[in-house]
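Now the structure itself:
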């Protein structure tokens with residue numbers, strides 16, 4: 001998914017005309033982005049568009065991308081800070097498509113601190129490659145804890161490590177001790193992480209964690 | 001019975017309340033920004049509160065199948081505190097948000113010059129942002145406060161049909177009716193208005209422009225008194241359609257004037273109780 005995909009997906013929709021005008025306006029007047037960003041949901045709608053993006057999220061990503069490159073990181077921070085939940089989510093989803101480097105990592109930390117599953121899910125997408133390992137593991141564990149499907153975590157298997165297996169094993173053990181269910185995708189991830197690991201090793205494959 | 005509570009402070013309520021409200025038929029609410037009991041001392045405190053009204057609280061409501069919107073304003077009581085006055089400068093960025101369907105609560109508490117100024121300035125914002133206005137009437141010196149409220153509304157240039165004057169009673173309803181504004185009634189366990197009294201007011205003044213709310217907050221109040229009022233209407237001979245007009249269609253019409261009311265995908269309350277949070281917004 002890149003900005004061109006989002007642009008062409010939106011081009012044929014009812015809000016396409018409004019968006020084209022908004023993008024033109026931002027190019028000449030970057031300060032206009034705040035009100036346009038807030039209004040985007042009302043103008044282009046909120047229906048699912050393509051590959052997990054809704055129309056308003058896609059439009060907001062394009063509005064951000066229309067800013068002069070040297071302003072994008074700062075404006076993304078401001079729009080997130082002053083955004084409602086939908087605006088915050090759109091900023092988070094747009095980050096991997098924007099020329100911001102690792103500058104927006106504090107926004108991920110903020111989103112992962114919330115208890116809003118929509119924001120946590122948006123924070124573990126491709127931009128989460130900028131999170132350090134400890135923060136990323138905590139975010140994955142929080143997804144399991146909140147009942148989010150692990151499919152929301154980008155690059156999960158490549159990044160999951162023995163330490164995550166220990167943490168996940170602990171959560172599974174607690175849930176089972178309490179007689180509570182554990183999501184199947186979390187159990188599967190734990191099984192993949194612990195397959196072939198030495199007993200008692202860092203992956204925590206002792207009997208307590210066996211299915 | 002489907003219920004839209006047009007004035008309720010859910011920030012102060014528990015998840016048990018949300019559950020009971022959903023079971024009673026409440027499917028949509030509007031939460032006006034107001035005071036919190038404990039006075040605030042700086043604008044940042046308001047910014048966090050406003051953020052909650054357009055962020056966390058709608059999310060919480062969604063988990064019980066209830067759609068949540070907000071109104072945003074500097075309330076009249078705290079408008080008197082010079083430390084809080086800069087809140088007026090924060091308002092424009094919130095009045096642009098999707099979930100904000102009116103400017104409010106504005107109006108009078110003690111009818112001071114500071115309240116006059118904040119009231120007029122915020123009615124002007126309602127005109128500028130093309131939003132309706134939710135106007136609180138004072139609990140002390142209410143009759144004169146309501147008269148003065150109507151005068152300020154008339155002077156502001158906002159259409160009376162875009163204004164609800166709230167917390168009315170037998171003494172204040174007629175003037176608001178005659179002014180063409182919407183009439184709000186807060187049904188309370190002991191004070192402001194009761195279900196039987198509300199029924200009498202509806203008999204006398206009709207059902208048009210009438211809004212019935214629980215105004216439930218951190219004080220002695222009950223979020224199910226909207227439902228109780230609907231039942232009292234039925235017991236008094238009003239029809240199901242009459243109840244639906246007062247408890248659903250009227251608030252939809254009033255706040256619908258914002259162009260931002262979003263009641264899409266609202267299934268029957270009982271069916272959307274669990275799991276709606278992930279469905280809406282996708283993840």
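Chains as they are written, first to last, in the numbering used here: chain Z, 1 to 211; chain B, 1 to 283.
Glycine residues also receive a C-beta, built at the ideal position from the N, C-alpha and C atoms.
For the region 181-268 of chain B, the full-length alpha helix (DSSP H) segments reaching 4 residues or more read 195-205, 225-235, 240-244 and 250-256 along the chain. Nearest neighbour of residue 52(Z) by Cα position, chosen from 83(Z), 165(Z), 21(Z) and 1(Z), turns out to be 1(Z). Contact of residue 82(Z) with chain B is assigned, a C-beta pair being separated by under 7 Å. Nearest CB-CB separation between residue 125(Z) and chain B: not below the 7 Å threshold.
Within the DSSP secondary-structure output, residue 31(B) pairs in a beta bridge with 70(B).
Across the structure, residue 4(Z) and residue 91(Z) are spaced so that their CA atoms are roughly 17 Å apart. Between residue 221(B) and residue 34(Z), the alpha-carbon positions lie close to 38 Å from each other. By the CB criterion at 7 Å, residue 58(B) and residue 115(B) fall outside the cutoff.
Restricted to the region 73-139 of chain Z, the alpha helix (DSSP H) segments that are unbroken, complete and at least 4 residues in length are 85-94, 105-113 and 117-123, listed in chain order.
In the DSSP assignment, the residues bridged to residue 54(Z) are 48(Z).
For residue 93(B), the nearest beta carbon of chain Z is closer than 7 Å to its own beta carbon.
In summary, residue 213(B) is buried, with 16 or more beta-carbon neighbours lying within 10 Å of its beta-carbon over all protein chains present.
In terms of CA proximity to residue 34(B), 87(B) leads the group 1(B), 152(B) and 87(B). When rounded, the separation of the alpha-carbon atoms in residue 97(B) and residue 179(Z) is 43 Å. Contacts with chain Z at 7 Å (Cβ-Cβ) include residue 97(B). Rounded to the nearest whole angstrom, the CA to CA distance from residue 131(B) to residue 21(Z) is 24 Å. When rounded, the separation of the alpha-carbon atoms in residue 217(B) and residue 43(B) is 22 Å. In the three-state DSSP reduction, residue 26(Z) falls in the helix class (H, G or I). Under the Cβ criterion of 7 Å, residue 3(B) is not counted among the residues facing chain Z. A direct Cα-Cα distance of roughly 15 Å separates residue 232(B) from residue 211(B). Contact residues of the region 12-45 of chain Z toward chain B are 34, 35, 38, 39, 41 and 42 (C-beta to C-beta distance below 8 Å). Contact of residue 55(B) with chain Z is assigned, a C-beta pair being separated by under 7 Å.
Secondary structure note for residue 64(B): it is in no beta strand (DSSP E), with a DSSP letter that is neither H nor E. DSSP lists 26(B) as the bridge partner or partners of residue 3(B). Its chain contains 137 and 141 as the residues whose beta carbon lies nearer than 7 Å to that of residue 167(Z), once the 5 sequence neighbours on both sides are disregarded; these appear in chain order.
Rounded to the nearest whole angstrom, the CA to CA distance from residue 238(B) to residue 12(B) is 32 Å. Residue range 43-54 is occupied by the alpha helix (DSSP H) that includes residue 54(B).
Between residue 134(B) and the set 93(B), 142(B), 118(B) and 164(B), the nearest pair of CA atoms involves 164(B). Residue nearest to residue 3(B) within the set 256(B), 262(B) and 229(B) is 229(B) (criterion: CA-CA distance). Bounds of any alpha helix (DSSP H) do not take in residue 100(B); it lies within the beta strand (DSSP E) bounded by 100-107. Exclusion of the five residues before and after residue 112(B) leaves 80 as the residues of its chain whose Cβ lies within less than 7 Å of its Cβ. In terms of CA proximity to residue 18(B), 66(B) leads the group 41(B), 66(B), 198(B) and 6(B). Within the same chain, 123 come within 6 Å of residue 156(B) by CB-CB distance, once the 5 residues on both sides are set aside. Taking 7 Å as the cut-off, the Cβ atoms of residue 74(B) and residue 47(B) do not count as close. Judged by DSSP in its simplified three-state form, residue 178(Z) adopts coil rather than helix or strand. Of the other Cβ atoms in all chains shown, 16 or more fall within 10 Å of the Cβ of residue 120(Z); this residue is therefore buried.
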